[in-house]
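Visitor: Dropping the structure in here first, questions after.
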Amino acid sequence: MADRRLTDRQRERIQRLRDNRQQRAARRLDALNDAGLGPERTGLVIAHHGQTLIVEADDRQWYRCTARQNLGRLACGDRVIWQASGLEEGVVVAVGERRSLLSRPDYNGRPRPVAANLDVVAIVLAPEPELSEGLIDRYLVAIAAIGVRGLLVLNKLDLLDAPALAVLTERLEPYRRIGYPLLLTSSHTAHGLDELRAGMRGRVSLLVGQSGVGKSSLIKALLPDRDIRIQALSRLDGHGVHTTTTSMLYHLPDGGDLIDTPGVRGFELGEISLDDLDRGFPDLALYLGRCRFSDCRHEVEPGCAVRDAAARGEIAPRRLSSYRQLRAALENAARFWN
Ligand code: GDP
Ligand code: ZN
Numbered sequence: 000m001a002d003r004r005l006t007d008r009q010r011e012r013i014q015r016l017r018d019n020r021q022q023r024a025a026r027r028l029d030a031l032n033d034a035g036l037g038p039e040r041t042g043l044v045i046a047h048h049g050q051t052l053i054v055e056a057d058d059r060q061w062y063r064c065t066a067r068q069n070l071g072r073l074a075c076g077d078r079v080i081w082q083a084s085g086l087e088e089g090v091v092v093a094v095g096e097r098r099s100l101l102s103r104p105d106y107n108g109r110p111r112p113v114a115a116n117l118d119v120v121a122i123v124l125a126p127e128p129e130l131s132e133g134l135i136d137r138y139l140v141a142i143a144a145i146g147v148r149g150l151l152v153l154n155k156l157d158l159l160d161a162p163a164l165a166v167l168t169e170r171l172e173p174y175r176r177i178g179y180p181l182l183l184t185s186s187h188t189a190h191g192l193d194e195l196r197a198g199m200r201g202r203v204s205l206l207v208g209q210s211g212v213g214k215s216s217l218i219k220a221l222l223p224d225r226d227i228r229i230q231a232l233s234r235l236d237g238h239g240v241h242t243t244t245t246s247m248l249y250h251l252p253d254g255g256d257l258i259d260t261p262g263v264r265g266f267e268l269g270e271i272s273l274d275d276l277d278r279g280f281p282d283l284a285l286y287l288g289r290c291r292f293s294d295c296r297h298e299v300e301p302g303c304a305v306r307d308a309a310a311r312g313e314i315a316p317r318r319l320s321s322y323r324q325l326r327a328a329l330e331n332a333a334r335f336w337n
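Residue numbers (numbering that gives the first Met the number 0): 0 to 337.
Shown next, in the form of structure tokens:
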């Protein structure tokens with residue numbers, strides 16, 4: 000009976016053949032992938048909806064894309080490398096570095112990116128609902144924390160007579176003094192929209208503010224072809240883009256982009272550090288390191304440079320009380336707004 004056992008040399012040979020076969024198969028698969036996917040191209044994420052991304056190629060064509068698993072979560076405004084996989088379909092294979100990122104906690108409390116590469120966040124205010132400095136200060140801390148510029152927009156100007164306007168601009172004066180421009184607009188009369196467009200030109204912007212201040216109305220006024228664009232997107236997306244759930248990036252007619260993320264129109268802060276808080280109060284920052292006690296809470300401590308500055312009128316009292324409140328909240332809770 001012949002010895003059926005293989006010699007070591009035979010085993011080696013078989014293993015080599017098997018390896019070669021596997022390598023050839025892998026190469027074929029690679030070739031298939033390469034054949035199935037177009038060349039790498041750059042693009043911009045202009046809509047984000049569940050797992051689906053709409054990527055706008057540099058020639059302004061839109062592609063419904065999925066993203067490679069290892070990329071993490073993408074957001075509107077992300078610059079990406081992608082490859083076409085079909086006529087109007089593609090795969091995102093890389094994400095560009097972000098110059099800023101706005102995230103907000105998802106239902107598990109984990110930060111979820113919602114808008115990438117923002118330059119400007121405009122806080123929309125109105126005579127009604129009644130504006131609140133506390134809320135403005137919270138927005139400004141969040142804006143400073145992600146390193147973008149803040150802008151105040153007082154909308155519904157048509158509702159204000161001269162004395163009422165004077166009262167509101169006086170209340171907002173501390174913000175102008177620390178470098179946040181104030182624009183006066185009315186989405187109803189179109190007053191101030193040119194200035195707002197000028198403030199957004201060449202930049203990526205986002206509008207935030209309390210419900211009812213007129214953000215949607217401003218967005219409509221700034222984007223005359225918004226509905227057409229949403230319809231075109233729904234056709235491509237198939238699942239139906241809903242303006243209440245889909246984040247979208249729109250090109251402004253005069254240049255620049257506006258990101259509309261419905262959930263974030265009234266956005267709140269995620270996790271904020273004490274440094275972020277100080278960054279949001281440039282008017283206090285000048286004095287913060289100068290108190291007699293390094294752990295000064297600027298409440299009742301002697302030698303408090305911050306309170307002295309407020310007493311001299313160099314810090315608006317309302318800003319100081321806002322700072323104290325935010326700092327107390329920060330110290331009381333690991334998470335800020337949950
Ligand atoms: P949003 O919740 O911030 O998106 O606010 P909307 O855009 O939905 O507007 C809320 C309400 O304010 C609506 O009844 C609008 O018609 C009204 N509104 C918006 N802009 C103006 C404005 O400039 N002047 C006046 N008088 N009303 C406005
Ligand atoms: Zn102090």
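Note that the Cβ used here is the ideal one computed from N, Cα and C, for glycine as well.
If you measure from the CB of residue 120, is any heavy atom of the ligand GDP nearer than 8 Å?
Guide: Numbered from 1 along the sequence shown, position 121 holds the residue referred to as residue 120. Checking every heavy atom of the ligand GDP against the Cβ of residue 120, none is found closer than 8 Å.
Visitor: In angstroms, rounded to a whole number, what distance separates the CA positions of residue 178 and residue 193?
Guide: For this step, residue 178 is matched to residue 179 along the sequence shown. For this step, residue 193 is matched to residue 194 along the sequence shown. Between residue 178 and residue 193, the C-alpha separation is close to 20 Å.
Visitor: Looking at the secondary structure, which residues open and close the beta strand (DSSP E) in which residue 62 lies?
Guide: In the sequence shown, counting from the first residue as 1, residue 62 sits at position 63. It spans 61-66 - the beta strand (DSSP E) in which residue 62 sits, taken as one unbroken run.
Visitor: Quick one, which of 35, 40, 50 has its alpha-carbon nearest residue 246's?
Guide: The residue given as residue 246 occupies position 247 in the sequence shown. Of 35, 40, 50, the residue nearest in Cα terms is 50.
Visitor: Considering only the beta carbon of each residue, do residue 165 and residue 114 sit closer than 9 Å?
Guide: Taking the first residue of the sequence shown as 1, we reach residue 165 at position 166. Taking the first residue of the sequence shown as 1, we reach residue 114 at position 115. Contact flag unset, no.
Visitor: Whole angstroms are fine: how far does the CA of residue 180 sit from the CA of residue 44?
Guide: Looking up residue 44 in the sequence shown gives position 45. Looking up residue 180 in the sequence shown gives position 181. About 29 Å.
Visitor: Quick one: using the 10 Å Cβ neighbour count with 16 as the cut-off for buried, is residue 417 buried or exposed?
Guide: The structure shown does not extend to residue 417, since the chain is modelled only from 0 through 337, so no value can be given for it.
Visitor: Measure the C-alpha to C-alpha separation of residue 158 and residue 328 and round it to an integer number of angstroms.
Guide: Taking the sequence shown and counting its residues from 1, the one referred to as residue 158 is at position 159. Taking the sequence shown and counting its residues from 1, the one referred to as residue 328 is at position 329. So the alpha carbons of these two residues sit roughly 35 Å apart.
Visitor: I'd like to check one pair, residue 123 with residue 213: are the Cβ atoms closer than 9 Å?
Guide: Looking up residue 213 in the sequence shown gives position 214. Looking up residue 123 in the sequence shown gives position 124. Remark: C-beta atoms of residue 213 and residue 123 approach each other more closely than 9 Å.
Visitor: Based on Cα-Cα distance, which residue from 41, 79, 129, 307 lies nearest to residue 211?
Guide: Within the sequence shown, residue 211 is the residue found at index 212, counting from 1. Nearest C-alpha to residue 211: 129.
Visitor: Output the distance between the C-alpha atoms of residue 144 and residue 204, rounded to the nearest integer angstrom.
Guide: Here residue 144 refers to the residue found at position 145 when the sequence shown is read from its first residue. Here residue 204 refers to the residue found at position 205 when the sequence shown is read from its first residue. Between residue 144 and residue 204, the C-alpha separation is close to 16 Å.
Visitor: Report back the beta-carbon spacing between residue 66 and residue 52 to the nearest angstrom; my notes put them in contact at under 8 Å.
Guide: Working through the sequence shown from its first residue, we reach residue 66 at position 67. Working through the sequence shown from its first residue, we reach residue 52 at position 53. 6 Å between Cβ atoms; contact.
Visitor: Run the CB neighbour count on residue 219, radius 10 Å, all protein chains shown included, and call it buried at 16 or more, exposed below.
Guide: Looking up residue 219 in the sequence shown gives position 220. Classification of residue 219: exposed, given that the 10 Å Cβ count is below 16.
Visitor: Which same chain residues, not among the five before or five after residue 221, have their C-beta less than 6 Å away from its C-beta?
Guide: Position 222 of the sequence shown holds residue 221. Same-chain partners within the cutoff: there are none.
Visitor: Nearest to residue 305 by CA position, among 103, 299, 287, 321, is which residue?
Guide: Against the sequence shown, residue 305 aligns to sequence position 306. It is 287 whose Cα lies nearest to the Cα of residue 305.
Visitor: Quick check: is any heavy atom of the ligand GDP less than 8 Å from the C-beta of residue 217?
Guide: Here residue 217 is taken as the residue at index 218 of the sequence shown, counted from 1. Correct: residue 217 has its Cβ closer than 8 Å to the ligand GDP.
Visitor: With a CB to CB cut of under 7 Å and the five nearest residues on each side skipped, what residues in its chain are close to residue 186?
Guide: Numbered from 1 along the sequence shown, position 187 holds the residue referred to as residue 186. Around residue 186: 154, 213, 216, 217, 220.
Visitor: If you check the beta carbons only, do residue 79 and residue 101 fall under 9 Å apart?
Guide: By 1-based counting over the sequence shown, the position of residue 79 is 80. By 1-based counting over the sequence shown, the position of residue 101 is 102. Contact flag unset, no.
Visitor: Are there any heavy atoms of the ligand ZN lying less than 8 Å away from the beta-carbon of residue 292, as far as the coordinates show?
Guide: The residue you call residue 292 lines up with position 293 of the sequence shown. The answer is yes for residue 292.
Visitor: The ligand GDP and residue 331: does any heavy atom of the ligand fall closer than 8 Å to the residue's C-beta?
Guide: Within the sequence shown, residue 331 is the residue found at index 332, counting from 1. Of the heavy atoms belonging to the ligand GDP, none sits nearer than 8 Å to the Cβ of residue 331.
Visitor: Short of 6 Å in beta carbon distance, which residues of its chain neighbour residue 1, apart from the five on each side in sequence? Order them along the chain.
Guide: Your numbering for residue 1 matches position 2 in the sequence shown. With a pLDDT of only 48 at residue 1, under 50, the local geometry of the prediction cannot be trusted, and the value read off the model is given with reservation. Hits under 6 Å: none found.
Visitor: So which of 235, 260, 251 has the shortest CA-CA distance to residue 61?
Guide: In the sequence shown, counting from the first residue as 1, residue 61 sits at position 62. Among 235, 260, 251, the Cα nearest to that of residue 61 is on 235.
Visitor: Give the range of the alpha helix (DSSP H) segment to which residue 186 is assigned.
Guide: Looking up residue 186 in the sequence shown gives position 187. Premise fails: residue 186 is in no alpha helix (DSSP H) and is neither H nor E.
Visitor: Once DSSP output is grouped into helix, strand and coil, what is the label at residue 209?
Guide: Looking up residue 209 in the sequence shown gives position 210. In the three-state scheme derived from DSSP, where H, G and I count as helix and E and B as strand, residue 209 is classed as coil.
Visitor: Quick check: what's the CA-CA separation for residue 318 versus residue 95?
Guide: Walking along the sequence shown from the start, residue 318 turns up at place 319. Walking along the sequence shown from the start, residue 95 turns up at place 96. Distance between the alpha carbons of residue 318 and residue 95 is about 37 Å.
Visitor: Check residue 140 in the structure and name its three-state DSSP category.
Guide: Mapped onto the sequence shown, residue 140 falls at position 141. Reduced to three states, the DSSP call for residue 140 is helix.
Visitor: Could you give the first and the last residue of the continuous alpha helix (DSSP H) run that contains residue 286?
Guide: Residue 286 sits at position 287 when you count from the first residue of the sequence shown. That run of the alpha helix (DSSP H) goes 281-287.
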